[in-house]
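In the numbering used here, the protein residues as written are 1 to 417. Note that CB positions come from ideal geometry on N, CA and C, so glycine has one too. Let me begin by presenting the structure, written as structure tokens, before commenting on it.
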Ligand SMILES: Nc1nc2c(ncn2[C@@H]2O[C@H](COP(=O)(O)OP(=O)(O)OP(=O)(O)O)[C@@H](O)[C@H]2O)c(=O)[nH]1
Ligand SMILES: [Mg+2]
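The following block contains the structure:
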């Protein structure tokens, strides 16, 4: 079990923005939520409008002094910046402010460390933490000793990390080989899954959009769903019956967020690869969140990074039991469907639409199966959507949507292409 510090740390948030829009407020609100999720508290915030972050100390000199006064006034324990800091920026800020300085990346890594529960999840987070530390060795040491067992120190332990690069490199190599084993096990699972011939639908979306709630509502999977960021880190796969009689496998996995640390994306590659291998992406959007338009963009960008361009996407505008106001930003989203994962509202319409797309991925075949080969009829019923079926004295005539694998096995019975 990974240790958590019992005492709440009190943080002041700081952000640099180059525009006048409300972007910084939204970002800081999200950062405050991340901090609460990690069991700590955001007590004040400071935003600086600036062309770009100061290369030396993130905020400009004047703002840095303002920040120092704010820290003294609020008695905060540390500062958290909305952007990832370089080692030297962090060191300069700590020198100027005389408190620990953390950044968004460390906060997200910390939440992931707390949430990871499977061997794969833990190894992935640990790998991301070590890679991050290796790239930030200078400067982190001071933060860690200041915050004791708190954020940034959790996970890989505190065995003189800042001085022991070799130790970190060895551990990274170990983790890499552990994850390689896990990845090959995953590949095996994927191969077995392919043999079932069922279409695979992966749920994607911003964290807290309602993916796990939808998974539970569709399958009764009992996945943890809560009003917290990154409630889900590990994937769950379940079969779902579609209205036309077919079936699909649904996968629930880790959510996305703005500025998702690249070390995490890399380390979670095996988990996130599931998205690339799925047939359809089901994009769950929290339509009740005023920020949902930007959240959708973040999801699109992350999918691009993961090599999922061109996958069929269905957009599910979730939480429509609450007041919503959004304009779908693109044509894919305009074809989306309003649902409520919580009340089950419009669930069948969503499943029908998914079935329609899976149907497009398959070919319609007419088969004649003699009664002596009755086992095939059962298999077709178990796996496929059937558009027509009649029974003649010699056997069953079935019109069904077949995946490639089953079409190959039933070649001898196809009567019409
Ligand atoms: N009102 C309302 N709340 C919902 C709905 N769907 C989900 N929620 C709530 O939204 C919160 C997040 O739901 P989750 O299902 O955990 O979200 P998720 O997308 O799996 O989030 P991560 O695993 O953190 O990425 C929970 O408090 C849910 O009860 C909905 O249709 N309506
Ligand atoms: Mg979830």
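{"Item": "Taking 7 Å as the line, does the beta carbon of residue 232 fall inside it for any heavy atom of ligand 2?", "Value": "yes"}
{"Item": "Given a cut-off of 8 Å on the beta-carbon distance, is the pair residue 67 and residue 14 in contact?", "Value": "yes"}
{"Item": "In angstroms with no decimal places, state the Cα-to-Cα distance between residue 219 and residue 206.", "Value": "21 Å"}
{"Item": "Decide if the region 364-374 is in contact with the region 385-399; the criterion is three or more beta carbon pairs, one per stretch, under 8 Å apart.", "Value": "yes"}
{"Item": "Does residue 202 come out as helix, strand or coil in the three-state DSSP assignment?", "Value": "strand"}
{"Item": "Work out the CA separation of residue 84 and residue 422 for me, nearest whole Å.", "Value": "The structure shown does not extend to residue 422, since the chain is modelled only from 1 to 417, so the question has no answer here."}
{"Item": "Give me the residue from 249, 246, 256 and 291 with the minimum Cα distance to residue 22.", "Value": "291"}
{"Item": "Ignore the nearest five residues each way along the sequence and tell me which others in residue 155's own chain have a CB closer than 7 Å to its CB.", "Value": "The pLDDT assigned to residue 155 is 46, lower than 50, so where the model puts this residue is not dependable, and the model offers no usable value."}
{"Item": "How is residue 257 classed by DSSP in three states: helix, strand or coil?", "Value": "coil"}
{"Item": "Can you tell me whether DSSP reads residue 10 as helix, strand or coil?", "Value": "strand"}
{"Item": "Here's the rule I'm using: 16 or more other beta-carbon atoms within 10 Å means buried, otherwise exposed. How should residue 195 be labelled?", "Value": "exposed"}
{"Item": "Per DSSP, what are the beta-bridge partners of residue 103 in this structure?", "Value": "81"}
{"Item": "Whole angstroms are fine: how far does the CA of residue 123 sit from the CA of residue 178?", "Value": "8 Å"}
{"Item": "Using the C-alpha atoms, what's the distance from residue 254 back to residue 33?", "Value": "17 Å"}
{"Item": "Assuming residue 282 contacts residue 352 (C-beta within less than 8 Å), just tell me the rounded distance between them.", "Value": "Wrong, their Cβ atoms sit about 13 Å apart, outside the cutoff."}
{"Item": "If you check the beta carbons only, do residue 251 and residue 314 fall under 8 Å apart?", "Value": "no"}
{"Item": "At the level of alpha carbons, what is the spacing between residue 336 and residue 300?", "Value": "15 Å"}
{"Item": "Should the region 376-388 be regarded as contacting the region 399-407, the criterion being three or more beta carbon pairs within less than 8 Å?", "Value": "yes"}
{"Item": "I'd like the span of the alpha helix (DSSP H) that includes residue 126, first residue to last.", "Value": "119-135"}
{"Item": "When DSSP labels each residue in this structure, what does residue 411 get in the three-state scheme?", "Value": "helix"}
{"Item": "Could you name the residues that DSSP lists as bridge partners for residue 367?", "Value": "398 and 414"}
{"Item": "Under 6 Å Cβ to Cβ from residue 29, same chain only, skipping five residues before and after it: list those, please.", "Value": "none"}
{"Item": "Is residue 26 close to ligand 1? I mean its beta-carbon at under 7 Å from any heavy atom of the ligand.", "Value": "no"}
{"Item": "Which residue comes first and which comes last in the alpha helix (DSSP H) that contains residue 167?", "Value": "165-196"}
{"Item": "Measuring alpha carbon to alpha carbon, tell me which residue in 24, 36 and 19 is nearest residue 8.", "Value": "36"}
{"Item": "Measuring only from the beta carbon, is residue 425 closer than 7 Å to any heavy atom that is part of ligand 2?", "Value": "Only positions 1 to 417 of the chain appear in this structure, which leaves residue 425 out of reach."}
{"Item": "Rounded C-beta distance between residue 317 and residue 289? I'm assuming under 8 Å.", "Value": "In fact, because the Cβ distance is near 11 Å, the residues do not count as touching under 8 Å."}
{"Item": "Comparing C-alpha positions only, which one of 47, 214, 188 and 110 sits nearest to residue 284?", "Value": "214"}
{"Item": "Cβ-heavy atom distance between residue 321 and ligand 1 below 7 Å?", "Value": "yes"}
{"Item": "Give a yes or no on whether the C-beta atoms belonging to residue 26 and residue 47 are separated by under 8 Å.", "Value": "no"}
{"Item": "Quick one: Cα of residue 136 to Cα of residue 81, how far?", "Value": "15 Å"}
{"Item": "Run the CB neighbour count on residue 405, radius 10 Å, all protein chains shown included, and call it buried at 16 or more, exposed below.", "Value": "exposed"}
{"Item": "Per DSSP, what kind of secondary structure is residue 226 in: helix, strand or coil?", "Value": "coil"}
{"Item": "Nearest to residue 381 by CA position, among 241, 342 and 361, is which residue?", "Value": "241"}
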